[in-house]
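Chemist: One structure coming up, written as structure tokens, with questions to follow.
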Amino acid sequence: MAGANMYRVGDFVYFEESSDAPYQIRRIEELNKTQSGVEARVVLYHRRRDISPALLKISDQAVRRFDNYYEVDKKKPENFSDASGFILSEPNGSETKPEEDEKEGEKAEEATEESTKKADWGNGGLPLGAENIGEEARFRLRQHELFLSRQVEIMPASQIRGKCRVMLLSEAEDVDSYTSDDLFFYSLVYDPNHMTLLADKGAIRVGDKFQAVVENDDENDEAMASQTKNDVPEMEIDEDEDNENGLKIDEEEDVKPKTSSEKKSAEEEEDRDVLVFKSDNGLTDRDIDQFIILARSVGVFARSMDVSSSAKLPSLHMTVACASRDITLLHAIALLHQADYDFGRAVKFLVPPPNRQLYPLDIDKATGSRTTSLGGPLLCRDQMEEWSAPEANLFEEALDKYGKDFNDIRADYLPWKSMRDIVEYYYQYKASNRYADHKKKKQADADSKLKQVYIPSFSKPSPNIIGQLNQSINTVKSSVSCENCKTTESTNWYSWGPSSAQLRLCQSCWVSWKKNGGLQRKHEHDLYDKSIAKTINNGAAASESRPAPPLISMKPIASNVAQVVAQLPANHPLVLASRQQQAAQKASSSFSFAAIAGLTPQALAKLQQAGGRPGVLFYTTVWRRAIRRALPRNVLNIRRLSRRPFLSIDNDAIARATATLDKTTLLTTAKGLQMSNFNDAKFIQGLYQMQCAFSAQSMKRSSTTLGAHPGEPHSKQQKQAGAKLVLKTRIPPSTFKTPIGVSTPVVGSLHLGNSAAQHQLFTNMALPIATAAAKMNAPQSRIDDGVTPSDGSLLMSATTSQNNVESRKIPVPSHPPSDSKWSYISEDVFLYLGGRRLK
Amino acid sequence: MQSHSKKRVSYYYDGDVGNYYYGQGHPMKPQRIRMAHNLLLNYGLYRKMEVFRPRPATFEEMTRYHSDEYINFLKNVCPEKMHEQKVPLNKFNLGEDCPVFDGVYEFCQLSCGGSLAAASRLNRNDSDICINWMGGLHHAKKAEASGFCYSNDIVLAILELLKIHPRVLYIDIDIHHGDGVEEAFYTTDRVMTVSFHKYGEYFPGTGDSKDIGADKGMYYALNFPLRDGIDDDAYEKIFKPVISRVMEHFRPSAVVLQCGADSLTGDRLGCFNLTLKGHGQCVEFLKSFNVPLMLVGGGGYTIRNVSRCWCYETAVAVDEEIPNDLPFNDYFEYFGPDYKLHIMPSNMPNMNTREYLESTMSSLFEYMRNLPFAPSVQMQPLQKEHDVVRFYDKSLVEDHIDPDVRESTSQIDQAVEHVAEFYDEKEPTKRLDEAPVKRTASSPPLEMESAKKTKVLSTEEPNGDQVVLMETETVTRTLIVSEPNNEDLGGDESSDKS
């Protein structure tokens, strides 16, 4: 069956990362085609063996049959305790005795020891009826228990070793439903960062803030009556406010007598709807069809008379198609209703005389469309027709550039259209031929994401196999019996356990060990692969073939979802260890970040030539951020500029403005950057130096302007630079990006090193500042490869910057800058403003 | 009591609703409602029902449930200034899933207005089934947006229904748990909420089967957690028994069915495997109880299937067989490559074993056993107040509209003058120079001394209101035509005018 080897997004699969360890269980989130093969983005499911026994002990003992499924507003359950976590259980649950909480820390070690003897500590997390099954069966059941994590990793799809099923534990099902092979269940979410197990449950909240006010049925009438009484004074007050001319008393007397029935009716507001069409109208279906045909014919006539339409519609055929659009139908139906379903009158409405006074046609208002009376046939057109060809082209262009961000499209391309017009047009456009043609062009881009992937069954022998792989059905006798089932005959034998012990497993037990992560019974070497891994790590970390895949944490599905079921005390050694680990991770990532940020342009260029992936580096230096903040809007408006990529930046003005900035502005800027731990002195020093550089620059520039023929000598250089630029931008935009706001893209390798001294100055200054900045930002930094679709803003910024890069390809070679100011760009300015100068 | 066996169906739609846009890449697309509308228009279903355009809900109507502070914020929030008010945005959970988009308040007004209008129509017994695909935003909380929902039109509609109906049943077949509605009525025994949804590592995280309500509302919330890939057959096997049991025990006098279409196969966010038939079966089944029924929309993120589904369910409501070939319409290309109405289930495995479904169902039955058997509900006589309709001169509003701004259809709507004013000779000429009269022209005005004595009482107004009594099919309605400058108008009404 081909289906067995076909893996789709959403499937649960076994992954084999190490031949010694059992398979890992993952769910495929995404399949991406890369150069090296197919990569799968997978969600981690942890086995029990991957989780600290101390934590398991708490969760096993917790009674997870929640009696109260809702949260009462502002009231914490009584048995809430910080130390050992928050175990939702019956109030008399003996598990959460305070004494035990205190001892929890010590007990952790005990628990580790215990874990080698006992299967588990309670029935928590097991299906219904688990208390009645034997110890061994329960042990095996526990092997099928998983813990979901909200973490994602990227793994090569070639490591997939088969499919399995993972289900959410249902409290309505009993043990039998969970005993089949390849079926796992989970009920809790494991958070390795905080060492907690969470119940993946949201809660309905109870309280005045959440419920609707519903009167009681039996008291209904009374309540209503009293309500109306209560309402009367309120109403009076309202009216007092409305009429401030002293006529209150009379009005009050007027109001009171008619109270309930009158007032209620105003309240009820029965004019909630307007009839648009009624079914028992005396017309037959055929009448209506005929009228619609008439309306279409009139539409064709109207289009032929209308100059703007007839110019657009070359053939009669197309005119008919336009006249048959839904708008005509809607319009015809509205006309019928207006004519009170009098066929004759409705036909007259189709061809009104030019003077609208004579025919009170409010049809356009009813349908929301605009009609034109041409002194004969009535013309009504939808957005698809309304838009002229240039408008349509403009829209297409805008769509390519901005994607479907209609707000931006409207602001920059079609300000005379309303948002509604644009949305309406877009959806009609999508159903048109125009779109189909357009789409074909873009088809090629979308291919890298796969829906499913075929992975042939894995047939290579495991390195743990003893002797040759035996593919026949003949069994081989072994001197040592299988550690699990004690058989001495099997097709193949696999070494298992620490190498010193010389244990082996038969074929079937090996498979079940790989899948279930344990043997039939508790065994002292159950976790042997972990100790092996540890020794390898300690011994020769460098020899590790594959670095641990980057873990990306996902955000929880809903903010109110988490209910902590088990949590280790804050002073628990394991918690401390995990914190240390995190800190170390942060430090190392910031280190690598700093290293990249600190690279000189030349080094970056080398890196690229060596075939490294980054072609374009998006990063915002402290300088650039400072410039943005310090400069007044009228000189440098990043938002405006980012919308208008074809607009050149007035670098003179920027340089001038920067040179003239006073120190107080600089200081406030520095503070505004919200870098509390930033060395102020260093920053100011950097800015000051920059200022000097700028002023020197502008001085030099003014002299050259006078001396040289404007534009001439520099444009060549510019041209070369442009050519070089194009070359670089063809490399796919890198996925590397700092998280600092909207980063202006910088082509990393580009450097017009014509002034060695200045360059020196720049690098000297940039290095410490950039390093510091990178360090500060590193904790938030992430590899942008996995931008989740839900993360709209990020995605958007990523695509816009990509668009910027692409759009730059065109203007540079075809239009060498004739503008003289291009020739004066110093590398400093250029490096601040990133790729902007390419335009 | 009905003259014909077919249900009287009212359908609520505003042509503007499709033009709201949540933002780039956002899965929620109000456009789907317009696509559903165009489909049923071209199928001719339009002719089988009364079509209404709702008046946008007012601030006062929305704050019957929502907090003033929250609605005020929605009303005044401006997408351009979003970054300047970061703190309050988080406070109301606006931002990621629930972006502040252009016209968000109007959008809420439309969806709430539709459901409220539908509820009052059911209250007046003018219709048997009311449909509002613009509504169904079941995640919104009292003072918080959630899961693409800003205002909870369902809660508002149920509150409206409770004015007449002693007990209202809410059923949710969206793939997501209907947590907003459940929360709103968690402690009352007058509203029972039943939700069938995917549970486990799925938005919004609530909806465990053990979740049954609190205080007085204990046992008045039912949740059926489901796993991936449930198909039509399995769904039917749980939906029908559960709902019939609920109908027996709770005996609601009105039902609100949330028809979120993200439980269909191939949904962008969903993971069930239902087709239109399985989904529509729920509507069909509820129709058979002959209880006033309100259908609202909800989720649904593969818009071609959403519009298919809601069009089909409209057809189910009006008892009309529609062909499988889709009629040509503006959005025809969306339905390629097959251009058929019905969709095929995918081959995804159904993770809901029979045992799982049965054991969950029996545990739900166990809870229902605790419900007191509700006494059978008598059809209540209509309250007379509901028959009184008031109209005011809205011309002042129109005069002050900015001519450069495109009017919303509802504004436009208010401006519509009835043609009969100019053309109907039978109309007494005297009325022409007075405020416009809104009424169905087919029914001639009756004499004042007609049988409805109670209503004549309300005509004895000191300020010279004119009263027209009209006979419609089932309900006698009084129209009070007010002079534009009557001084006894309610405070909010007069502010409305100026």
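These protein sequences, in sequence, are chains F and B. Numbering-wise (UniProt numbering), the first sequence opens with residue 1 and increments by one. Numbering-wise (UniProt numbering), the second sequence opens with residue 1 and increments by one. Don't be surprised by glycine CBs; every beta carbon is placed ideally from N, CA and C. What you are looking at is a predicted structure, and each value in this text was computed from that prediction instead of being measured.
With a threshold of 6 Å on Cβ separation, who are the neighbours of Thr328(F) within its own chain once the five nearest residues in sequence on each side are excluded?
Modeler: The residues are Ala295, Arg296, Gly299.
Chemist: Taking 6 Å as the limit between beta carbons, can you name the residues of its chain near Cys482(F), skipping five residues before and five after?
Modeler: Cβ within range, chain order: Leu505, Cys506, Cys509.
Chemist: For Ser308(F), which of Asn193(F), Ala323(F), Tyr7(F), Glu386(F) has the nearest alpha-carbon?
Modeler: Taking only the C-alpha atoms, the option nearest Ser308(F) is Glu386(F).
Chemist: Could you tell me which whole beta strand (DSSP E) segments of length 3 or greater appear in the region 122 to 171 of chain B?
Modeler: Counting only runs of 3 or more, we get 129 to 132.
Chemist: With DSSP as the reference, identify every bridge partner of Lys198(B), one or two as the case may be.
Modeler: Per DSSP, Leu226(B).
Chemist: Can the beta-carbon of Ala36(B) be found closer than 7 Å to that of Ser263(B)?
Modeler: Cβ atoms of Ala36(B) and Ser263(B): not closer than 7 Å.
Chemist: Beta-carbon of Val155(B) versus every beta-carbon of chain F: anything under 7 Å?
Modeler: So yes, Val155(B) belongs to the interface.
Chemist: On the DSSP letters alone, give me the boundaries of the alpha helix (DSSP H) that Pro53(F) sits inside.
Modeler: That run of the alpha helix (DSSP H) goes 53 to 61.
Chemist: List, in chain order, every chain F residue whose beta-carbon is nearer than 9 Å to that of Pro241(B).
Modeler: By Cβ distance, chain F contributes nothing, its closest Cβ being about 15 Å from Pro241(B), past 9 Å.
Chemist: Compute the beta-carbon to beta-carbon distance between Leu156(B) and Met62(B), rounded to the nearest angstrom, for a pair I have assumed lies under 8 Å.
Modeler: Confirmed, Cβ separation roughly 7 Å.
Chemist: Below 7 Å CB to CB, which residues in the same chain sit around Gly103(B) once its five sequence neighbours on both sides are set aside?
Modeler: Answer for Gly103(B): Tyr20, listed in chain order.
Chemist: Does the beta-carbon of Gln428(F) have 16 or more other beta-carbons within 10 angstroms, so that it is buried, or is it exposed?
Modeler: It is buried - the Cβ of Gln428(F) has at least 16 other Cβ atoms within 10 Å.
Chemist: Can you find the residues in the same chain that come closer than 7 Å, C-beta to C-beta, to Lys216(B), ignoring five residues on each side of it along the sequence?
Modeler: Closer than 7 Å at Cβ, skipping near neighbours: Thr187, Thr188, Asp189.
Chemist: Given that Met419(F) touches chain B, what residues does it touch there, using C-beta distances under 8 Å?
Modeler: Near Met419(F) (Cβ distances below 8 Å), the residues of chain B are Asn19, Tyr21, Asp102, Gly103.
Chemist: What whole-angstrom Cβ distance do Tyr339(B) and Asp319(B) have, given they're in contact under 8 Å?
Modeler: Tyr339(B) to Asp319(B), Cβ: 25 Å. No contact.
Chemist: Comparing the C-beta of Tyr14(F) with each C-beta of chain B, is any distance below 7 Å?
Modeler: Judged by the 7 Å Cβ criterion, Tyr14(F) is not in contact with chain B.
Chemist: Quick one: which residues of the region 347 to 370 of chain B get their C-beta closer than 7 Å to a C-beta of chain A? List them in chain order.
Modeler: Among the protein chains in the structure shown, which are F and B, there is no chain A.
Chemist: Quick check: Gln109(B) and Ala57(B), are their CB atoms within less than 7 Å of each other?
Modeler: Yes.
Chemist: Does chain F have any CB closer than 7 Å to the CB of Lys7(B)?
Modeler: Not closer than 7 Å to any Cβ of chain F, the Cβ of Lys7(B) fails to qualify, so no.
Chemist: Excluding the 5 residues preceding and the 5 following Asn230(F) in the sequence, name in chain order all residues of the same chain whose CB lies nearer than 7 Å to its CB.
Modeler: Interpretation of Asn230(F) is limited by its pLDDT of 42, a score under 50 that renders its predicted location unreliable; the figure taken from the coordinates is listed afterwards. Closer than 7 Å at Cβ, skipping near neighbours: no residue.
Chemist: Does any C-beta atom of chain F lie closer than 7 Å to the C-beta of Ala184(B)?
Modeler: Yes, Ala184(B) lies at the interface with chain F (some Cβ there is under 7 Å from its Cβ).
Chemist: Chain B beta carbons: is any one of them nearer than 7 Å to that of Arg272(F)?
Modeler: By this cut-off, Arg272(F) is an interface position.
Chemist: Can Ser418(F) and Arg406(B) be called in contact, C-beta distance under 7 Å?
Modeler: A contact, by the Cβ cut-off of 7 Å.
Chemist: Does Glu50(B) get closer than 7 Å to chain F when you measure Cβ to Cβ?
Modeler: It does: the Cβ of Glu50(B) has a partner Cβ on chain F nearer than 7 Å.
Chemist: Is there a C-beta anywhere in chain F that falls below 7 Å from the one on Leu40(B)?
Modeler: No, no contact with chain F.
Chemist: Helix, strand or coil, according to DSSP, for Tyr13(B) in the structure here?
Modeler: Three-state DSSP puts Tyr13(B) in coil, outside helix and strand.
Chemist: Grab me the residues of Gly114(B)'s own chain with a C-beta within less than 6 Å of its C-beta, minus the 5 sequence neighbours each way, in chain order.
Modeler: Correct list, in chain order: Tyr12, Pro54, Asn132, Met134, Gly135.
Chemist: Can you tell me the Cβ-Cβ gap for Met351(B) and Gly229(B), rounded? I've got them flagged as a contact below 8 Å.
Modeler: Right, the Cβ-Cβ distance comes to about 5 Å (below 8 Å), so this counts as a contact.
Chemist: When Cβ atoms are compared, which residues of the region 201 to 214 of chain B fall closer than 9 Å to chain F?
Modeler: The region 201 to 214 of chain B vs chain F, Cβ under 9 Å: Glu201, Tyr202, Phe203, Pro204, Gly205, Thr206, Gly207, Asp208, Ser209, Lys210, Asp211, Ile212, Gly213, Ala214.
Chemist: Measuring straight from C-alpha to C-alpha, what distance separates Pro345(B) and Thr275(B)?
Modeler: One C-alpha to the other measures close to 6 Å.
Chemist: DSSP state of Pro54(B), grouped into three classes?
Modeler: Strand.
Chemist: With a Cβ-Cβ cutoff of 7 Å, do residue 499(B) and Phe101(B) count as a contact?
Modeler: With chain B represented from 1 up to 498, any question about residue 499(B) goes unanswered, as that position is not in the structure.
Chemist: Assess contact between the region 207 to 214 of chain B and the region 235 to 244 of chain B, defined as three or more Cβ pairs (one per stretch) separated by less than 8 Å. Is contact present?
Modeler: With a cut-off of 8 Å, the region 235 to 244 of chain B and the region 207 to 214 of chain B do not count as touching, because too few Cβ pairs lie within range.
Chemist: Specify whether the region 117 to 132 of chain B and the region 38 to 47 of chain B touch according to this definition: at least 3 beta carbon pairs, one from each stretch, less than 8 Å apart.
Modeler: Because the criterion of three Cβ pairs below 8 Å is not met, the region 117 to 132 of chain B and the region 38 to 47 of chain B do not touch.
Chemist: Can you pull the chain F neighbours of Lys141(B), defined as C-beta to C-beta under 8 Å?
Modeler: Result: Phe210.
Chemist: Note the first and the last residue of the continuous beta strand (DSSP E) segment covering residue 849(F).
Modeler: With chain F running from 1 to 839 in the structure shown, residue 849(F) is simply not present.
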